[in-house]
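With the first letter of the sequence shown counted as 1, position 138 gets the number 1108 in the numbering used here; the numbers rise by one all the way through.
The C-beta atom is built at its ideal place from N, Cα and C for all residues, glycine as well.
Here's the structure, in structure tokens; my notes come after.
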Amino acid sequence: MAKRLPYREGSVFRIPLPHGGFARGVVARMVPRGRILLGYFFGPKMFSADIAASDLLPSEAVLIGRFGDLHLIDGKWEIFGEIGGWNRADWPIPEFIHHDALHILPDTIVRYSDDDIVLGTRERRPVIPTGLAEDGLMGAEFVEISLSSLLADRP
């Protein structure tokens, strides 16, 4: 029998940052058996473990991306709440930008569907919009370091 995952879409979790404090994350999408998730991540950096889940708005995320569930499974990232009245439509999957590692091929836009956040579709456009998140799969430590950097200069 398969082990039940400790999270589901709409779960809110606390992320300890490398130099102290916490950030928050929301599981916005997941594959049926876990392992790969899409998350929204939030500041400001908080210093009390007693933090709320009710004030999170998708438009205020400082980072959105696909990530692995290692620290949700091992308990380092503590799940402490849920988004009330969870609705996927309120937490959309953004478009991402993919850069060719060798810089030979042009940049492409990557889209993931609500039903498959593992395999995205790629599209080349003559003009790539600015401000798109980087496509890729973030490891747990990468998320922690990225959030620590993003939140360092914010009150």
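**OP:** Using three-state DSSP, classify residue 1080 as helix, strand or coil.
**Re:** Residue 1080 sits in a strand when the DSSP states are folded into three classes.
Original post:
Nearest to residue 984 by alpha carbon, out of 1022, 1006, 975 and 1056?
Top reply: Of 1022, 1006, 975 and 1056, the residue nearest in Cα terms is 1022.
**OP:** Measure the C-alpha to C-alpha separation of residue 1093 and residue 1040 and round it to an integer number of angstroms.
**Re:** Cα to Cα, the separation comes out at about 30 Å.
Original post:
Would you report the Cα separation of residue 1017 and residue 1053, rounded to the nearest angstrom?
Top reply: Per the coordinates, the alpha-carbon of residue 1017 lies some 21 Å from the alpha-carbon of residue 1053.
Original post:
Closest to residue 1082 by CA distance: which of 1034, 1044 and 1027 is it?
Top reply: The shortest C-alpha to C-alpha distance from residue 1082 to any of 1034, 1044 and 1027 is the one to 1034.
**OP:** For residue 1047, I'd like the list of residues in its chain whose CB is within less than 6 Å of its CB, leaving aside the five on either flank, ordered along the chain.
**Re:** If we look at residue 1047 and ignore the five residues flanking it on each side, its Cβ neighbours are 983, 985 and 1041.
Subject >> Cβ distance (whole Å) where residue 1036 is taken to contact residue 1087 below 8 Å >> reply: Yes, residue 1036 and residue 1087 are in contact; Cβ-Cβ is about 6 Å, under 8 Å.
**OP:** Answer with buried or exposed for residue 1104, where buried requires no fewer than 16 other C-beta atoms within 10 angstroms of its C-beta.
**Re:** By the neighbour-count rule (16 or more Cβ atoms within 10 Å), residue 1104 is not buried but exposed.
**OP:** Tell whether a beta-carbon distance below 8 Å holds between residue 1060 and residue 1069.
**Re:** Their beta carbons are not under 8 Å apart, which means residue 1060 does not touch residue 1069 by this criterion.
Original post:
Is residue 981 helix, strand or coil when you go by DSSP?
Top reply: Residue 981: strand per DSSP, three-state reduction.
Subject >> C-alpha distance - residue 1109 paired with residue 1007, whole-angstrom precision >> reply: Taking the straight line joining both Cα atoms gives about 11 Å.
Original post:
Should residue 1080 and residue 1011 be called a contact, given that it needs their Cβ atoms to be closer than 8 Å?
Top reply: No, the Cβ-Cβ distance between residue 1080 and residue 1011 is not below 8 Å.
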